[in-house]
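**Q** Numbering (this note's numbering), first residue to last: 2 to 133. The C-beta atom is built at its ideal place from N, Cα and C for all residues, glycine as well. Attaching a single structure in structure tokens format; questions to follow.
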Ligand SMILES: [Zn+2]
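Below, the structure is given as structure tokens:
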């Protein structure tokens, strides 16, 4: 049977998969970018859906939110973003004017993996592909 542990935020998950994800978490978590098991799970799920099943999210502006922990993400797919310029909402007379924000995709542990595969001799380089 799988690994059921009250501290495991994923609930029920087979032991082997749990261990593999916990290993990714240990390997890629940094003090600046702590990685939760849930995030490992969601990132892998999104990557497989994109790669094998054509899932695509345009991260529409209205789906991008910043939570109380100051994390900005797309609530449709949970992709994380860095805020370059915050969205502005102004009320002028009876009109509400929204100036869209500017965001940059945050790298995931998968981007780090890919970079190494792209050019093993260069190792980790500042990612030029960032953006979109
Ligand atoms: Zn999205």
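In the DSSP assignment, find the unbroken alpha helix (DSSP H) run with residue 82 in it and report its ends.
**A** No alpha helix (DSSP H) holds residue 82; the beta strand (DSSP E) holding it covers 81–86.
**Q** Return yes when the C-beta of residue 81 is under 7 angstroms from any heavy atom of ligand 1, and no when it is not.
**A** No, Cβ of residue 81 sits at least 7 angstroms from all heavy atoms of ligand 1.
**Q** Let me confirm a value: residue 22 is counted as buried when at least 16 other C-beta atoms fall within 10 Å, else exposed. Which label applies?
**A** Classification for residue 22: buried.
**Q** So, helix, strand or coil for residue 143, using DSSP?
**A** Outside the displayed span of the chain (2 to 133) sits residue 143, for which this structure offers no information.
**Q** Tell me whether residue 64 counts as near ligand 1, meaning its Cβ is closer than 7 angstroms to at least one heavy atom of that ligand.
**A** Answer for residue 64: yes, Cβ within range of ligand 1.
**Q** Quick one: using the 10 Å Cβ neighbour count with 16 as the cut-off for buried, is residue 105 buried or exposed?
**A** Result: exposed.
**Q** Roughly how many angstroms lie between the CA atoms of residue 1 and residue 16, to the nearest whole one?
**A** Since the displayed the chain opens at 2 and closes at 133, residue 1 lies outside it and no answer follows.
**Q** Got a sec, what are the start and stop residues for the beta strand (DSSP E) residue 105 sits in?
**A** From DSSP, the beta strand (DSSP E) with residue 105 extends over 103–106.
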